[in-house]
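Protein chains in written order, with our numbering: chain A, 699 to 1139; chain B, 384 to 831; chain C, 6 to 443.
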């Protein structure tokens, strides 16, 4: 189940057209959002300031209160024709990571306005950073939807220009609630999930100067990143572990598995590159992608289904009287000789099947920086690191199994493990397929 | 029991496919928004628009003003879609453009028999210039004459007649001023009075006007181009916009081959078109002085309305604009096989006349069906009474949209149209036959 | 079981193949929609209720139209071009990916369209991918041989690739097919490169006139005209053009930057700093930031200067993070400010490889010279001046190189030429040239 969730998240992450680098609206934008609301008797303005990498750098150390006061000064509220002062009451500051290892800024300020006498006409005009390029959005009302989710996820609709609203006129009624300032974002939602900061790995290919030393250091770093990445969810660690344990794998099998994962992963990313380059002239990506997504979903379904089916038939074959066979062998294995090459291949392939986003980023960056060879060996090193981790885990499993050889780990749990993992693969494939079907056609 | 992936090849297909999927995903990502470095090399604009040289309409007709039926009016409108409130610079003719009327009076299809060429010259003057104000027009005091001090930018113009290769300046640069854009009632309290000062009588029956007018074209543009999603009543989507107009009224006898008036002349058939041209420059060449007489290159031409929009294919428009009307033969297929007719038939499911459409060729490219030469000219028969409609000449009040639909669509479309049959402002029946422009402060665009 | 899997995989592969071949080569859609979609694009759209020069309104009109009819290839092509124009007007780089997507969608709907392919070409130019731009331009030309705009794309690419004769021929063809602001501006640039500033000014004046009623185009042309005056030492006329540019298009960053240089030349350093800050705030181009740093340095505000130089480092990192090879401008910055000079030679070489124009030659020459490799530098500097361009900075570099090689009289002659042409050609180096001459 965990794997399903993880896989689903992984697929979803791939499916979202996340820009792999840079503030989504450009590195030097200063983006502003205001929400004018009256949850209780008082008017409040929730203000969000999102500064991209360059303005963040130029700002240096941010004195939150000074910024909040300046924002309050330059945001003008007029209630029933009378200017009303806005006073900052709450602030929150975060520095989400952006491109090139630089930070961006997310500053939230709640500004308190006057009490509303009743239904009043309200005019709001935001003069902050008026000469800077950026998203300018104002919404009225606590529940009104923000096109950018309050500057967390800028829409990428082709038929939409960046918003440029600096003033709004409306009428507001005091709400029923108490006079409490609206809450600020905290934790994850203060971190702006729209941005996919480039991992340390992805930034390796962009090192400006490539001396021999730098290259070696980069390869070492890539190895490290690959190993670290393997520890994150996915990559079939569960399957590998269960498989080797259930199959009486030897350290040699563990190493072989690692090799297969490396090759699979590297080939996957290489194939990516070839396909990208060769087909870019002819392929119409918008049309093709949904079909290919569907195809890969079906494929994974196929793998999971066939594993499960094989397992099911094996169980039934067992049930028909092969009781003298040792329980616990899994499809494709001969008792006593451990896993067959084919099944190892299958498991290894499934581990390396989903190329990691950072590897793809590296590939693309390498191509555009005309450093294809360097990029490819970085990916190789990354895959090797990945494989090393998985091999390591597999080795641990093998050794643990040997250490606990006496213990009967070959109970029903272990017998069911391959079937369970097959179900997981099947479910993941179904999720991918279900995700892809609506997009087709 | 065999394993999951029996063949290595299947496995390869699997991750090639998957790889392709993710590859294409990445293709969609593309490079990120490039940090601002555009224009750190010399990045000159590549805009296609050239409004000062963009002719929106060309009219040629016998004057319908009472007592003036021996006159022919030639009118050219340029600079499409002038938003009346577009200060501070408003709209001006381009001093480096030659605005020219070309007339064919011997039915040979070549409109090089008589030509009238207009050239403009800008002048920065008075308080606006001295004070370095970034405005063209200010109410300091309100502008009531074309000499007004508040007219910071003013344009003079000259008219040169070219006949048999000879150039004669029939009106010099110094004595005529183009009427400026209608800024608003404070700056120009009596715009009509001001505009009247720009309607010049040059003697010998010649009148001329250059300046801003209300755009006389009327069409439910949105409906028409919403795949002919016509409605009733239609909305004139050009309402509230202005144009810059050059209007010339001359005795018909000045144009006819035998210099005789309508009814007396043996050559009553005239063909004409309007063009804008710009100076030719080359890298190795010198200068480029806009008032010099160096070689000019035609940028746009217009004879019959809607030909470029509806008949000529997109990929040939630039080429079409650079050629002469008598070279229309190379575009013959667009006429004999009009795409617009096909569209009408598909959208409305009605029968259109079968191709080849010789009727369109005769209407637009020939004086008479027996003509051998094909030339895209606006043709006027002086023997017809004043008030005739397009395609016999063209007046501002002609509903060319309806006519075009009916002519191209054929009998099944008799009476069809876009349900907009008149201009937003009433068109006057006196020279220059176009209405006073909307002013910048009070303009009105109609909505459906 | 295995057969089922095979079937499954085969089906998937077939599905992919069918869509690959079927979808990719899909031609344009129904002829009716094509015929009825606005043919006379420029006129129809500007007539459709838009003020001349109002690109924002044009963009929103096109967006509405495309929401109503998503299969309108022409609409997408025009939207792609309009987005590029918006990028020029607002400085907002996020219009470029939008433009690319719109143009690619247009191409999907109508593959052999010169406007879309040409639009991708001008996009490639903006991203400094000059070879790609040239290829796209040539492709566009095959679809529409008489298109002046396409010759502009081709000519611009050729200039940056150092193929000047071909470029000038393309500009001549462009001006012959359709004289316009775009053509005049390019002919002017060609004349400037050939060392004929007065003729360049004449052509740019035509461009200014042709830009009438279009604010950004007017501002751009006036700034270029002003720079021509500036390059020949005429500060007054230059400043006048820059102010006119700001009047036509308030907030135009390039005008602020150019005006800052004039004020610096006049000795009003504080005013210059204020103007350049406005330029940097609007669009932090490396050359703006670098100049601001130099101005602070000249004004004695070392800490502020260092902050601006640090910002250049940040910009360089962002460029790389966005997959952009090092710029000529950032390479030059490193060379000018003595930052890791040996590494700067490699940077300059890389930048020049992408852009083998006389600017590339000049930056590499200067980088080599600052590393003491004046013999090699001289060859590149000669290349940089081979067209006869009257460029004070390039002449200054040559002068310093000659002096470095021991040819004092020749070197001084070049320095004198530079200072005569434009006494204030550089905040950093004009004083150096003056001191060198004693």
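Don't be surprised by glycine CBs; every beta carbon is placed ideally from N, CA and C. Note that the structure is predicted; figures quoted are calculated from it, not measured.
- In this structure the stretch 721-739 of chain B does not touch the stretch 764-774 of chain B; the number of beta carbon pairs closer than 8 Å is below three.
- By the CB criterion at 8 Å, residue 682 of chain B and residue 704 of chain B fall inside the cutoff.
- Out of B:829, B:712, B:623, the CA that lies nearest to the CA of residue 464 of chain B is found in B:623.
- Residue-level contact by beta carbon holds for residue 829 of chain A and chain C, with a gap shorter than 8 Å.
- Look at residue 708 of chain B here: in three-state DSSP terms it is helix.
- Residues of chain A whose Cβ lies closer than 7 Å to the Cβ of residue 252 of chain C do not exist, since the nearest Cβ in that chain is about 17 Å away.
- Shown here, residue 735 of chain B sits in coil according to DSSP, grouped into three states, outside any helix or strand.
- Fewer than three beta-carbon pairs drawn from the stretch 632-641 of chain B and the stretch 737-748 of chain B are found closer than 8 Å, and the two stretches are therefore not classed as touching.
- Exposure of residue 763 of chain A is indicated by the presence of fewer than 16 other C-beta atoms within 10 angstroms of its C-beta.
- Using a CB distance cut-off of 8 Å, residue 466 of chain B counts as an interface residue toward chain C.
- By the Cβ criterion, the stretch 213-233 of chain C is in contact with the stretch 185-201 of chain C, since at least three pairs of Cβ atoms, one from each stretch, lie closer than 8 Å.
- Under a 10 Å Cβ-count criterion, residue 391 of chain C is classified as exposed, with fewer than 16 other Cβ atoms of the shown protein chains found around its own Cβ.
- Bounds of the alpha helix (DSSP H) holding residue 89 of chain C are 78-95.
- Residues of the stretch 686-698 of chain B with a C-beta less than 7 Å from any C-beta of chain C: 691, 692, 693, 697, 698, listed in chain order.
- Fewer than three Cβ pairs drawn from the stretch 439-455 of chain B and the stretch 796-808 of chain B lie within less than 8 Å of each other, which leaves the two stretches out of contact.
- Around the CB of residue 162 of chain C, 16 or more other CB atoms lie within 10 Å, so the residue is classed as buried.
- Counting only the Cα atoms, residue 536 of chain B lies some 10 Å from residue 504 of chain B.
- Residues of chain A whose Cβ lies closer than 9 Å to the Cβ of residue 316 of chain C are, in chain order, 752, 755, 756.
- Contact check for residue 753 of chain B against residue 738 of chain B fails: the beta carbons are separated by 8 Å or more.
- Put simply, the stretch 806-826 of chain B touches the stretch 592-606 of chain B. At least three CB pairs are less than 8 Å apart.
- Proximity of the stretch 650-668 of chain B to the stretch 151-158 of chain C falls short of the contact definition, fewer than three beta-carbon pairs being nearer than 8 Å.
- For residue 503 of chain B, the secondary structure class from DSSP, reduced to helix, strand or coil, is strand.
- By the C-beta density criterion, residue 875 of chain A is exposed, having fewer than 16 other C-beta atoms within 10 angstroms.
- Counting C-beta atoms within 10 angstroms of its own C-beta, residue 369 of chain C has 16 or more neighbours from the protein chains shown and is therefore classed as buried.
- As computed with DSSP, residue 544 of chain B is found in a beta bridge with B:499, B:551.
- Taken atom to atom, the span from the alpha-carbon of residue 756 of chain A to that of residue 279 of chain C is near 16 Å.
- Within the stretch 574-622 of chain B, the beta strand (DSSP E) runs of at least 3 residues that lie entirely inside it are, in chain order, 582-586, 589-597.
- Under the three-state reduction of DSSP, residue 458 of chain B is assigned to strand.
- For chain A, the residues of the stretch 94-115 of chain C that bring a beta carbon within less than 9 Å of one of its beta carbons are 95, 96, 97, 98, 99, 100, 102, 103, 106, 107, 109, 110, 112, 113, in chain order.
- Secondary structure in the stretch 302-364 of chain C: the alpha helix (DSSP H) runs of 4 residues or longer, each lying completely within the stretch, are 307-326, 333-341, 346-359 in chain order.
- A residue is called buried once 16 or more other Cβ atoms fall within 10 Å of its Cβ, and residue 145 of chain C is buried on that count.
- Here the C-alpha atom of residue 334 of chain C lies approximately 31 Å from the C-alpha atom of residue 1077 of chain A.
- For residue 626 of chain B, the enclosing beta strand (DSSP E) starts and ends at 625-634.
- In terms of beta-carbon proximity, residue 146 of chain C stays away from the interface with chain A, with every pair separated by 8 Å or more.
- Ranked by Cα distance from residue 826 of chain A, the options A:796, A:862, A:843, A:787 are led by A:862.
- Counting only residues of its own chain and dropping the five nearest sequence neighbours on each side, residue 265 of chain C has a CB closer than 6 Å to the CB of 277, 280, 281.
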